[in-house]
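Chemist: Can you keep this structure in mind? I'll have questions shortly.
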Amino acid sequence: MDLAELRLGSTRLLSADATSLSPRQRRQALGVLSADDRKRLAHLNDARADAFLTGRLLVSTALDDPAPRLEASCGHCGSAEHGKPRLREQPILVSISYTGSAVFVALADSDRVSALGLDVEEAGLETGAGAVAELERWTAIEAVLKADGRGLRVDPSEVKLDENGLARIRGEDARYRIRRTLVDGRFVVAVATATATATATATGE
588 MDLAELRLGS TRLLSADATS LSPRQRRQAL GVLSADDRKR LAHLNDARAD AFLTGRLLVS
648 TALDDPAPRL EASCGHCGSA EHGKPRLREQ PILVSISYTG SAVFVALADS DRVSALGLDV
708 EEAGLETGAG AVAELERWTA IEAVLKADGR GLRVDPSEVK LDENGLARIR GEDARYRIRR
768 TLVDGRFVVA VATATATATA TATGE
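In the working numbering, the protein residues as written are 588 to 792.
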């Protein structure tokens, strides 16, 4: 598995292609899964299972921890088979995004960041500037919704972005800093973070 890493502000971003997951790495990833993760894995086809395992292995690699206590639960229904991932017993926030066979993981210290969301979309080689700009807007919105924790249960049109890289959800107090990058010339990446000092005013109603 070829791993790439970069930083966006206070956030570490790691990525890998799930198709490069070796049999040894697959066994290693299986070893870090919680019981709930194993239940989730059982419902996935081979390609999605490898992407899921790659994400868990990226978290393990980033933390230099062979068995991180990573859990996910839905804040709406309480299910452990989907929902926002979180680390137990470590002051680190995690967000994971999948696009095709590519897997991206964002991590940030919880003493610096109070909420974290990551979204990635792949732009085709022939994608024009207008379409890329729309992907940048959409990934920023998705990243905010992931950081908020409710995902698409919130209408995406309620997310307001401004030209200064700040965002908010209409009617909510939280403000999010948006950071964007293009990875390998084709992956449009957006990270949304909220901190105690992110109180600047975003776009008006």
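We treat Cβ as the ideally placed atom computed from N, Cα and C, and that holds for glycine.
1) Return helix, strand or coil for Thr714, following the three-state DSSP convention.
2) Which same chain residues, not among the five before or five after Met566, have their C-beta less than 6 Å away from its C-beta?
3) Taking 6 Å as the line, does the beta carbon of Ile765 fall inside it for any heavy atom of the ligand SAM?
4) Quick check: Phe774 and Glu723, are their CB atoms within less than 7 Å of each other?
5) Starting from the C-beta of Gly687, find all residues in its chain whose C-beta is less than 8 Å away, skip the five residues before and the five after it, and write them out in chain order.
6) According to DSSP, is Ala634 helix, strand or coil?
7) Would you report the Cα separation of His630 and Val619, rounded to the nearest angstrom?
8) Which residue comes first and which comes last in the beta strand (DSSP E) that contains Arg764?
9) Quick one: complete beta strand (DSSP E) runs, 3+ long, within the region 681-714?
10) If you draw a straight line from the C-alpha of Val778 to the C-alpha of Gly752, how long is it?
11) Work out the CA separation of Ser621 and Leu717 for me, nearest whole Å.
Modeler: Judging by the given coordinates:
1) Thr714: coil per DSSP, three-state reduction.
2) In the structure as shown, the chain starts at 588 and stops at 792, and residue 566 therefore has no counterpart that could be examined.
3) Looking for the ligand SAM in the displayed structure turns up nothing, as the structure carries no ligands at all.
4) no
5) Glu709
6) DSSP places Ala634 within a helical segment (H, G or I) once states are collapsed to three.
7) 18 Å
8) Tyr763 to Val770
9) 689-696 and 702-709
10) Put simply, the backbone Cα of Val778 is about 11 Å away from that of Gly752.
11) The amino acid at residue 717 is misidentified as Leu; the sequence shows Gly. Rounded to whole angstroms, Gly717 to Ser621 spans 42 Å at the Cα level.
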